[in-house]
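As structure tokens, the structure follows; a few thoughts come after it.
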Amino acid sequence: MREKEKERKEEISKMDVVTQMQRQLIQYTSSLFQEGFLDDQFNQLQQLQDESNPEFVVEIVTLFFEDAERLLNELSKSLQVEQESIDFRKVDAQVHQLKGSSSSIGAQRVQRVCIAFRNFCEQQNVEGCLKSLQEIKQEYSLVKTKLETLFKMEKQLFAARGSISR
Amino acid sequence: MAGGEVLRQNLPEKLEESPSGANELHVLAVDDSLVDRKVIERLLKISSCKVTVVESGTRALQYLGLDGDKKSSIGFDSVKVNLIMTDYSMPGMTGYDLLKKIKQESSVFREIPVVIMSSENILTRIDRCLEEGAEDFLLKPVKLSDVRRLKDFIMRGEVKEGEKRCCKRSRSEDCSPSSMTHPCDSSLLSSLSSSSVLSPLSPSTLSSKKSRL
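Residue numbers (the numbering used here), protein chains in the order written: chain U, 807 to 972; chain Z, 49 to 261.
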């Protein structure tokens, strides 16, 4: 009798933990939207995830990370040259790519800085471009950390749910 | 008897020939961005379309057998595409260039609807594409609702084509017994995944062109 009681109590506390984790996940996700890190496109991606493709969001976001890091490297190189020899068209093309992929996953703040960056390219404003590059690096770093945290929380929640015996 | 069932029996057999192999739409998607290729592929698969994704206009032409390389030309029967969705801004051949090339082709290929996707809402760009014969112009990021609307439109287009050739009846919601004995009997609709074909009298989605303007 005591054994069963003990088991029951353990199950309840596990469920409490899961409920707690769920609430935290919802709050965290909410905050990312509120603070503008993510926009509706991220929701769209989640709609594309199902049992046949359970890791879709993580996969796409990972591709975005790889793409973004490559582009940020290229941008750094493009802007490290002598100011007179900056190829603004090349820089613009690279920013355009980054804008596209960030928009595709809903990374709103990164996308916004890309838009400003492109304006500076059009004006051939070197200082503006350098400033934008710094800003993009910052915003990218932030959204990357936040998304990685989000995925980690999801993983932990999934594991906790799984550990509750039926 | 439900209206949908009546419709099923009135659909012309012509539709059976159009999609390749299984009765689903085959879409060729073209985009130089890997992230976007993955997204569009998923959007289309979830909408029950057969998808082929390529990274450039050149590859798209190769796939269709239009690259002028006699060695690679296979009978068009083996590559049947119902829709082409292409990104506008691509290095080398832009989506616009690809559109032009396809519309300059022989009748079969010229009739494949081409949709342009772009992250930039530039009126002159949109106009140019529509003038060149693009079916629609979608703003990126493309949504599930965009794909669904597109699919409905294409499917309906195929049905209308068949109707023109095969059925001379008026498109009224005729649920009387006489409609069940129509010669164009086909149960093919049950194998089609899009439920929207069952409601041909819903507003035309041709307004999609205007919706972006």
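Beta carbons: idealized from backbone N, C-alpha and C, even for Gly.
Which whole-angstrom value describes the C-beta separation of LEU82 (chain Z) and ASP873 (chain U), a residue pair presumed to lie in contact below a C-beta threshold of 8 angstroms?
6 angstroms
Short CB-CB distance (under 8 angstroms) between LEU146 (chain Z) and chain U
no
Assign MET807 (chain U) to one of two classes, buried (16 or more other C-beta atoms within 10 Å of its C-beta) or exposed (fewer than that).
exposed
Below 8 angstroms, can you find three or more Cβ-Cβ pairs linking the stretch 838-852 of chain U to the stretch 909-921 of chain U?
yes
Would you report the Cα separation of PRO248 (chain Z) and LEU885 (chain U), rounded to the nearest angstrom?
Low confidence applies here, because PRO248 (chain Z) scores a pLDDT of 38, under 50, leaving its location unreliable; read the following figure in that light. Cα to Cα, the separation comes out at about 56 angstroms.
Under 8 angstroms between C-beta atoms, does ASP84 (chain Z) make it to chain U?
yes
Using three-state DSSP, classify VAL863 (chain U) as helix, strand or coil.
helix
Let me know if ASN130 (chain Z) comes out buried or exposed under the rule of 16 or more other beta-carbons within 10 Å of its beta-carbon.
buried
To the nearest angstrom, how far is the alpha carbon of PHE839 (chain U) from that of PHE157 (chain Z)?
44 angstroms
Residue-level contact to chain U via CB, LEU92 (chain Z), 8 angstroms cutoff
no
Span of the alpha helix (DSSP H), counted from its first residue to its last, around VAL887 (chain U):
Taken as a continuous stretch (DSSP letters only), VAL887 (chain U) belongs to no alpha helix (DSSP H), as it is neither H nor E.
For MET133 (chain Z), which three-state DSSP category applies?
strand
Assign GLU72 (chain Z) to buried or exposed, taking buried as 16 or more other Cβ atoms, counted over all protein chains shown, within 10 Å of its Cβ.
buried
Flag ASN859 (chain U) as yes if its beta-carbon sits less than 8 angstroms from any beta-carbon of chain Z, otherwise no.
yes
Straight-line gap, TYR834 (chain U) to LYS937 (chain U) (C-alpha atoms, nearest Å)
30 angstroms
I think LEU851 (chain U) touches LEU939 (chain U), with their Cβ atoms under 8 angstroms apart; what is that distance to the nearest whole Å?
Going by Cβ atoms, the distance from LEU851 (chain U) to LEU939 (chain U) rounds to 27 angstroms, so no, they are not a contact pair.
Using beta carbons (cut-off 8 angstroms, strictly below), is SER104 (chain Z) in contact with chain U?
no
Going along the chain, which residues of its own chain have a beta-carbon closer than 7 angstroms to the beta-carbon of GLU941 (chain U), five neighbours each way excluded?
VAL919
Extent of the continuous beta strand (DSSP E) to which ASP893 (chain U) belongs:
Note, ASP893 (chain U): premise wrong, no beta strand (DSSP E); not H, not E.
Close Cβ partners of GLN962 (chain U) (< 7 angstroms) along its chain, the five nearest in sequence each way excluded:
MET827
For ARG876 (chain U) and GLN903 (chain U), the rounded distance between their alpha carbons
11 angstroms
Taking its Cβ as the centre, do 16 or more other Cβ atoms sit within 10 Å of GLU945 (chain U), making it buried, or is it exposed?
buried
Let's see if you can read the secondary structure: which residues bound the alpha helix (DSSP H) around SER837 (chain U)?
808-840
GLU854 (chain U) versus chain Z: which residues are under 8 angstroms apart at the beta carbon?
Rather than Glu, the amino acid found at residue 854 (chain U) in this sequence is Leu. Simply VAL87, ARG90, LEU91, ILE94, LEU192.
Report the rounded CA-to-CA distance for SER155 (chain Z) versus ASP184 (chain Z), giving the unit in angstroms.
20 angstroms
Beta carbon of GLN900 (chain U), beta carbon of SER908 (chain U): below 8 angstroms?
no
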